[in-house]
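Before any comments, here is the structure.
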Amino acid sequence: MRELFSEVLLAMKSNRLRIALTGFSIAWGMFILVVLLGSSGGFQRGLYKTFHLDLNQVIRITAGKTVMPWNGMDKGRQLKLSLSDAQAIQQSHIQHIQRVFPMAVQSVEMGVGNNLIKLAATGCGDNYLTIDYRVLTAGRDFNTNDLEQQTKTCIINERLSRQLFKGKNPIGQFVTIDHLVFTVVGLCKSSLNEDIELAAYIPLTTMQTVYHPDGMINGINLIVDELESAEHNQHLERELHDLLASRLGCSPKDYKGIVVSNYYEQILSAKKMIAGIGIFVWIIGIATLIAGIVGVSNIMLITVKERTRELGVRKAMGASNDHIITMVLMESVIITLIFGYIGMMLGVGLTQLLDSALGSAVPMFQNPTVNFWPIMGCNCIMVLAGIIAGYVPAKRAVSIKLVEALTS
Numbered sequence: 027m028r029e030l031f032s033e034v035l036l037a038m039k040s041n042r043l044r045i046a047l048t049g050f051s052i053a054w055g056m057f058i059l060v061v062l063l064g065s066s067g068g069f070q071r072g073l074y075k076t077f078h079l080d081l082n083q084v085i086r087i088t089a090g091k092t093v094m095p096w097n098g099m100d101k102g103r104q105l106k107l108s109l110s111d112a113q114a115i116q117q118s119h120i121q122h123i124q125r126v127f128p129m130a131v132q133s134v135e136m137g138v139g140n141n142l143i144k145l146a147a148t149g150c151g152d153n154y155l156t157i158d159y160r161v162l163t164a165g166r167d168f169n170t171n172d173l174e175q176q177t178k179t180c181i182i183n184e185r186l187s188r189q190l191f192k193g194k195n196p197i198g199q200f201v202t203i204d205h206l207v208f209t210v211v212g213l214c215k216s217s218l219n220e221d222i223e224l225a226a227y228i229p230l231t232t233m234q235t236v237y238h239p240d241g242m243i244n245g246i247n248l249i250v251d252e253l254e255s256a257e258h259n260q261h262l263e264r265e266l267h268d269l270l271a272s273r274l275g276c277s278p279k280d281y282k283g284i285v286v287s288n289y290y291e292q293i294l295s296a297k298k299m300i301a302g303i304g305i306f307v308w309i310i311g312i313a314t315l316i317a318g319i320v321g322v323s324n325i326m327l328i329t330v331k332e333r334t335r336e337l338g339v340r341k342a343m344g345a346s347n348d349h350i351i352t353m354v355l356m357e358s359v360i361i362t363l364i365f366g367y368i369g370m371m372l373g374v375g376l377t378q379l380l381d382s383a384l385g386s387a388v389p390m391f392q393n394p395t396v397n398f399w400p401i402m403g404c405n406c407i408m409v410l411a412g413i414i415a416g417y418v419p420a421k422r423a424v425s426i427k428l429v430e431a432l433t434s
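Just so we're aligned, residue 27 is where the sequence shown starts under the working numbering, counting upward by one.
See the structure below:
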């Protein structure tokens with residue numbers, strides 16, 4: 027094997043220009059593929075982040091005025107949701123529903139001393155911040171004790187904290203909400219972008235005790251998953267609407283009395299468009315690789331034809347057909363492997379450089395790097411193509427009669 031490898035290297039050294047040109051086409055194809063995949067991935071991740079396609083899918087249900095009469099009742103009735111409706115959805119076992127979040131909204135006046143601010147406070151349970159696309163930055167979320175004991179606790183966002191506490195740490199501090207004293211237990215901010223609204227949250231049970239003793243709520247939010255198509259989404263919406271229509275007393279066709287807000291179909295269309303971009307880039311990249319493979323095939327055909335007499339001499343000296351085929355294949359594999367790896371590393375280096383240079387400065391272009399395994403798979407395909415490209419002319423060369431090879 028060592029002697030065979032030496033023979034291959036000697037043959038390659040005698041044809042450096044040909045090897046360099048062939049290797050350049052392979053390296054360029056792999057380089058373009060890596061850069062295209064990295065750029066495409068960065069663009070796709072940027073679109074996902076810009077349009078928030080990677081977040082939980084939320085369905086929001088609210089009650090409005092009926093626009094159709096039903097069972098002897100006139101149209102124009104204002105429907106109202108209650109906690110029992112949220113519990114009915116939770117217990118209905120409707121598919122795809124992950125969790126149910128009832129909520130209520132109340133206009134309040136919140137203040138610290140004489141610093142009073144009017145805003146809309148949200149009554150909710152634990153983990154509700156994800157529904158409003160906010161995350162905790164300090165303190166804690168509501169817990170079971172807060173809801174069961176109806177504690178006077180609250181969570182505020184950073185924008186509200188700056189106006190109330192002037193940069194001081196609000197955790198553990200007291201605020202008044204309509205003359206009732208609450209303790210700030212959590213601080214939050216938007217997970218999407220900078221908060222442009224003032225936001226405050228209090229336990230839903232506390233809000234109902236103070237403001238809505240009749241148990242009424244303003245809306246029901248649902249986190250859903252595993253929806254695979256627009257048909258699944260429409261079926262889920264119909265199930266939710268029919269369930270609440272029968273409970274609240276309105277026509278199943280009245281989509282103004284019960285409003286189910288869901289942007290799944292728009293999200294699905296956006297995801298399909300982004301996936302299409304990825305497929306298109308793969309097609310371009312593979313076409314570039316094919317061009318490199320064709321180049322290798324042509325060069326190997328020319329190489330074997332030029333070396334026909336040499337190969338005939340080797341056969342005359344006792345070299346077997348397998349030895350000659352292996353020698354040609356090894357040359358093809360070495361060229362493909364070395365230059366394919368060089369192109370891959372140059373492409374990875376450029377994408378890493380772009381990632382370091384841009385960072386998060388361009389929202390529509392995030393982390394333009396490439397996953398390891400797809401690129402290694404392409405490199406393996408290149409090597410396999412190199413074997414095929416070398417085998418065909420080598421097999422043809424050894425099939426030539428010895429006299430023809432020596433006299434060519």
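We treat Cβ as the ideally placed atom computed from N, Cα and C, and that holds for glycine.
>> What residue range does the alpha helix (DSSP H) around N259 cover?
In response: 256-274
So what's N405 in DSSP terms, helix, strand or just coil? helix
Distance between beta carbons of I87 and V409, contact taken as under 8 angstroms:
Not confirmed; about 56 angstroms, so no contact.
- Assign P128 to one of two classes, buried (16 or more other C-beta atoms within 10 Å of its C-beta) or exposed (fewer than that). buried
Quick one: Cα of D280 to Cα of D268, how far? 10 angstroms
- request: Could you check if F306 is buried or exposed, using at least 16 other CB atoms within 10 Å of its CB as the buried criterion?
  value: exposed
Quiz item: How long is the line joining the alpha carbons of N195 and L213, rounded to whole angstroms?
Solution: 9 angstroms
Proximal residues to I401 (C-beta, below 7 angstroms), its chain only, five neighbours per side dropped
V60, M370
Taking the alpha helix (DSSP H) that F191 falls in, what are its first and last residues? 184-191
Would you call M343 buried or exposed, if buried means 16 or more other Cβ atoms sit within 10 Å of its Cβ? exposed
- request: Please report the residue range of the alpha helix (DSSP H) in which Q378 lies.
  value: 347-384
Would you decide whether G198 is buried or exposed? Buried here means 16 or more other CB atoms lie within 10 Å of its CB.
exposed
- For S358, which residues of its own chain have a beta-carbon under 7 angstroms away from its beta-carbon, when the five flanking residues on both sides are left out? V322, M326, G412, I413, A415, G416
Beta-carbon spacing of L384, I243 below 8 angstroms
no
For this session: Report yes if the CB atom of L107 is closer than 8 angstroms to the CB atom of I246, and no otherwise.
Result: yes
inquiry  = Less than 8 angstroms between CB atoms is the rule here; does E184 satisfy it with respect to chain D?
reply    = The chain labelled as chain D is not found in the depicted structure, where only one protein chain is given.
- Query: Thinking C-beta only, is D111 closer than 8 angstroms to L262?
  - Reply: no
Would you report the Cα separation of S133 and A225, rounded to the nearest angstrom?
-> 11 angstroms
Going by beta-carbon coordinates alone, are V211 and R166 separated by less than 8 angstroms?
yes
Among all the DSSP beta bridges, which residues are the ones paired with R160? S216
Q) Applying the criterion that 16 or more other CB atoms from any shown protein chain within 10 Å of the CB defines a buried residue, is S346 buried or exposed? A) exposed
Report the three-state DSSP secondary structure of Q83 (helix, strand or coil).
strand
*Identify the residues that DSSP records as bridge partners of L145: which are they?*
V134
- Item | alpha helix (DSSP H) segment containing N171, residue limits | 170-175
_With a threshold of 7 angstroms on Cβ separation, who are the neighbours of N288 within its own chain once the five nearest residues in sequence on each side are excluded?_
I85, N259, E263
Quiz prompt | Residues near T232 in its chain [Cβ-Cβ closer than 6 angstroms; skip 5 each side] | solution = Q176
| field | T314 versus N324: straight-line alpha-carbon distance, rounded | value | 16 angstroms
Worksheet item: To the nearest whole angstrom, what separates the beta carbons of I284 and A89, a pair I think is in contact under 8 angstroms?
Response: 6 angstroms
task = Keeping to the same chain, check which residues put their C-beta closer than 7 angstroms to that of G102; ignore five residues upstream and five downstream.
result = K91, T92
Q.
Would L248 and I123 qualify as a contact pair, given that the criterion is a beta-carbon distance under 8 angstroms?
A. yes
Just how far apart, CA to CA, sit A114 and R273?
-> 9 angstroms
Which listed residue (L43, I120, S32, I52) has its alpha carbon closest to that of A319 = Correcting the residue identity first, residue 319 is Ile in this sequence and not Ala. Considering only alpha carbons, the answer is I52.
- Query: So, using beta-carbon positions, are V396 and V418 closer together than 8 angstroms?
  - Reply: no
Notebook entry, point to check: At what residues does the beta strand (DSSP E) containing A226 begin and finish?
Noted result: 226-229
Start-to-end residues for the alpha helix (DSSP H) that takes in I115:
109-117
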